[in-house]
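Here the structure comes first, spelled out in structure tokens, and everything after it is commentary.
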Amino acid sequence: MSDRTIVELKYPVEIDGAQVSVLKLRRPKVRDNLAAEKMGATNADREIALIALLADVAPSALHELDMGDYAALQKAVAGFF
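For the sequence shown, the numbering used here puts the final residue at 202, and the numbers step up evenly by one.
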């Protein structure tokens, strides 16, 4: 079993000046969930914070994702549980 899940983006985004077409999510730990809870006022904010932590990107980078790509990330995170 891999400790990372790779999500290929159908619509690449620019993150830190580079075109990104793949995000690698590491398996979440309890501390990630606790940190995400502290970072977001709404469920959506907390979900974005958790995905950003797992992908090692800023939450604002996820705001630019296509909704289909975001749905793929949501599915990948759900697969960890």
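Where a beta carbon is used, it is the ideal one built from N, C-alpha and C, also for glycine.
When the alpha-carbon of GLU158 is set against those of ALA170, MET188, ASP124, the nearest one is in ALA170.
Sorting LYS145, ILE127, ASN154 by C-alpha distance to the C-alpha of GLU168 places ASN154 at the top.
Residues of the same chain with a CB within less than 7 Å of the CB of PHE201, apart from the 5 flanking positions on each side, are ARG148, PRO149 in chain order. In the assembly as shown, VAL143 is an exposed residue. Its beta-carbon has fewer than 16 other beta-carbons within 10 Å. Secondary structure note for GLU158: its alpha helix (DSSP H) is the uninterrupted segment 151 to 160.
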